[in-house]
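What follows is a single structure, written as structure tokens, with notes after it.
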Amino acid sequence: MNESEIFEIEITDVYNYLFSYGGQSHFFRNLAENKKFSGSKCLQCGFVWCPPRLHCSKCYGATEFVDLVDEGEIITFLELAIPPSSMKNFKSALGVALIRLDGADTCLKAIVYSKGIKLIPGTRVKAKYKNRINRISDYYFETV
Amino acid sequence: MKVGIVGVGLLPWKIRYPDKTYFELSMDAMKNALEDANISPHEIDNVVYGISDLMVTFVRQCCPSTIIQDYIGMSRIPSVRVSAGAVSGAMAVRQGMIEILSGMSEVTLVIGVGKGMDLIDPKTGKRSKEFLKTIMLDLDTTWELPVEPLAAANFSFVIQAHMDRFGTPTEEQMAKVSIKNHGNALDNPLAQSGQKITIDDVLKSRRISGPTKFFDCCLYSEGAAALVLAREDRAREISNNVVWIEGVGNCNYRSYMPAYSDLGRIPCQHIATKKAYDSAGIKEPLKELDIIELHDLISGIEIISYEELGLCDLGHGGTLIDEGVTARDGLLPVNPSGGMIGNGHATGASGVSRVGEVALQLRGDAGKHQIKVKHGRGLTSCIGGPGISQCCSIVMGVSS
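Chains as they are written, first to last, in my numbering: chain A, 1 to 144; chain B, 1001 to 1400.
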């Protein structure tokens, strides 16, 4: 087929959501209202999930929400040459890291403002918050 | 009872096929596979599709397999669609094998197709941001997507963690993989991205995230591939050059949150490939395989894959590329077709074409990029989304 024979049309689809976090809602509500992180602790095996899970995926036990401090250590840090769209107006050097909050047995993925320093595993970080918390991009971490 | 690959149908990889829909591409791939097998469409009694969920947005069509099934004239027979991100194609081959071994089919057609480049911004004429937004839906949309700019960042995390833990791969080693695969693609007439580049070209290319730069990444493409699988007795009737499926393993691992022992590794690939090796009786892959075609979404991932595939100890994958072990004329060529870095990547099509490439190589039908076949055995190992959570590994051989 010649290029001139190809027929193309412009289409724009827009989808509006009222997206529910379901059983994970407590994590976002606790952050939005109290600026506190939450994990969920398995009542059977004691594993602390953060992000929280209503059910323990290791032993299938029930879990209960627990408050966590908003400080922890970097497990892996990745420098970003291109910021995520939620951060595109921010001018400082940043990266994304796997962070284990104190008391949790799993990691969160979060933005870290690195001030141009390559952060190594074990670096201590503390959370900072935007005014309104809807997503995980509405908090970030800085070195302590 | 065994299952054999009796027909391979591959298409050129292109940035965009504006003149073909996804069902038209599927027809082209099917016709190539049937011609290769020298059978008529009426001998197919079952179809398995490897089509990723991304296609719902890419081509604005749910259940695209139904549209394809009608277009390729197979409405009379059963079909099933497999979706597993970038692993969709390889999983479809596995599913096709299962359907034959279960007795539900004698001759199964497997089609993998991916098309996404109609997502173009009419103002700029370039790929729209919605294309990458769609790819990003392969990540955990609550716990990863909002903080990651590109899907490549997800893979870069694994590479960075591996570097933190083992000191490798170095960026020079990553560059050598990029040079190898871009270079191999020059001898593959179907490849999209064959080019001669240097270490300096790679190291100076635009940085994407962490250690990953532009030339370390595969490019997104459009394409389709098809295979004809047959039950052992039918395979022997159809072809005197059958490539047998000797071992299969797959794994659908945890979502992104790693256990600390997982850091910098691809656990799903280790688990899936061990299953495939055990089924096929492979104990020393470096000595028993002639070829590996794997998913080199990013160059550093290929190096980590060498370790997960048991070609070397953990932390030593970089040595294999340094010493030329995985070059096309090396002890065990990896991605002699160019892999994804050299060919391009379209979910669904990639996995089926990796299996097809190994089959053609083992048959001695790979043309200019043919490798020396000594043992008559090869491996495909496809990893993919979300992130690197799923893997399907398939051992093939030409022994009777």
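Cβ coordinates follow ideal geometry from the N, Cα and C atoms, glycine included. Every value quoted in this text rests on a predicted model; they were computed, and no experiment measured them.
Asked                                                                                                                                                                              : Found
Go through its chain and collect everything with a Cβ distance to Gln1173 of chain B's Cβ below 7 Å, but skip five positions before and after it.                                  : Ile1303, Gly1318, Ile1321, Asp1322
Could you pull out every residue in the same chain whose Cβ sits closer than 8 Å to the Cβ of Val66 of chain A, ignoring the five residues on either side in sequence?             : Ser38, Gly39, Ser40, Lys41, Val48, Gly103
Looking only at C-alpha atoms, which of B:Ala1272, B:Ala1185, B:Arg1094 sits nearest to Pro1012 of chain B?                                                                        : B:Ala1185
Please state whether the Cβ-Cβ distance between Glu64 of chain A and Leu43 of chain A is less than 8 Å.                                                                            : yes
Pull up the distance between the alpha-carbon of Ile75 of chain A and that of Gly116 of chain A, whole angstroms please.                                                           : 18 Å
Relative to the C-alpha of Ile1394 of chain B, which candidate in B:Ala1327, B:Gln1370, B:Ser1279 has its C-alpha closest?                                                         : B:Ser1279
Please determine if the region 1290-1309 of chain B and the region 1157-1177 of chain B are in contact, where contact requires at least 3 C-beta pairs separated by less than 8 Å. : yes
From which residue to which residue does the alpha helix (DSSP H) around Glu79 of chain A run?                                                                                     : Note, Glu79 of chain A: premise wrong, no alpha helix (DSSP H); beta strand (DSSP E) at 71-79.
Can the beta-carbon of Pro1285 of chain B be found closer than 8 Å to that of Gly1310 of chain B?                                                                                  : yes
DSSP three-state label for Gln1095 of chain B, please.                                                                                                                             : helix
Can you name the residues of chain B whose CB is closer than 7 Å to the CB of Ile111 of chain A?                                                                                   : Val1147
Could you give the first and the last residue of the continuous beta strand (DSSP E) run that contains Glu1293 of chain B?                                                         : 1291-1294
For a contact meaning CB atoms closer than 9 Å, what does Gln1160 of chain B contact in chain A?                                                                                   : Thr76, Phe77, Leu78, Glu79
Report the rounded CA-to-CA distance for Ile1068 of chain B versus Val1110 of chain B, giving the unit in angstroms.                                                               : 12 Å
Quick one, which residues of the region 1379-1391 of chain B are near chain A if we go by CB-CB under 8 Å, in chain order?                                                         : none
If you measure between the beta carbons of Glu1222 of chain B and Met1136 of chain B, is that distance less than 8 Å?                                                              : no
Taking only three categories from DSSP, how would you classify His1162 of chain B?                                                                                                 : helix
Could you tell me the alpha carbon to alpha carbon distance between Met1030 of chain B and Ile1341 of chain B, rounded to whole angstroms?                                         : 25 Å
Figure out for me which residue from B:Phe1131, B:Asp1164, B:Val1243, B:Arg1127 has the closest Cα to the Cα of Leu119 of chain A.                                                 : B:Asp1164
Would a C-beta distance cut-off of 8 Å place Ile1238 of chain B and Val1006 of chain B closer than the cut-off?                                                                    : yes
Give me the chain B residues within the contact set of Arg135 of chain A, using Cβ-Cβ distance strictly less than 7 Å, ordered along the chain.                                    : Pro1146
Quick one: is Ile82 of chain A near chain B, going by C-beta distance under 8 Å?                                                                                                   : yes
Buried or exposed for Asp1140 of chain B, going by 16 or more other Cβ atoms inside 10 Å?                                                                                          : buried
Please name the residue in B:Pro1189, B:Leu1190, B:Asn1046 whose C-alpha comes closest to that of Glu1099 of chain B.                                                              : B:Asn1046
Determine the burial state of Cys59 of chain A: buried for a count of at least 16 other Cβ atoms within 10 Å of its Cβ, exposed for fewer.                                         : exposed
Name, going along the chain, the residues of the region 57-75 of chain A whose beta-carbon falls closer than 9 Å to a beta-carbon of chain B.                                      : Ser57, Ile75
At the 8 Å Cβ level, is Asp1019 of chain B part of the contact set with chain A, yes or no?                                                                                        : yes
Mapping the DSSP letters down to three states, classify Leu98 of chain A as helix, strand or coil.                                                                                 : strand
Using a cut-off of 7 Å between C-beta atoms, extract the partners of Ser1156 of chain B located in chain A.                                                                        : Leu78
Got a sec: is the Cβ-Cβ distance from Gly1210 of chain B to anything in chain A below 8 Å?                                                                                         : yes
Where do the N-terminal and C-terminal ends of the beta strand (DSSP E) with Phe37 of chain A fall, by residue?                                                                    : 37-42
Under a Cβ-count criterion, where at least 16 other Cβ atoms within 10 Å of its own Cβ denotes burial, should Pro51 of chain A be classed as buried or exposed?                    : buried
Can you tell me the Cα-Cα spacing of Gln1061 of chain B and Phe1023 of chain B, whole angstroms?                                                                                   : 11 Å
Pop quiz: Leu98 of chain A and Tyr113 of chain A are said to be a contact at Cβ under 8 Å. What is the actual Cβ separation, rounded to whole angstroms?                           : Incorrect: roughly 16 Å between the Cβ atoms, too far for contact.
Consult DSSP for Gln1390 of chain B and reduce its assignment to one of helix, strand or coil.                                                                                     : strand
Look up Thr1124 of chain B in the DSSP assignment and say whether it is helix, strand or coil.                                                                                     : coil
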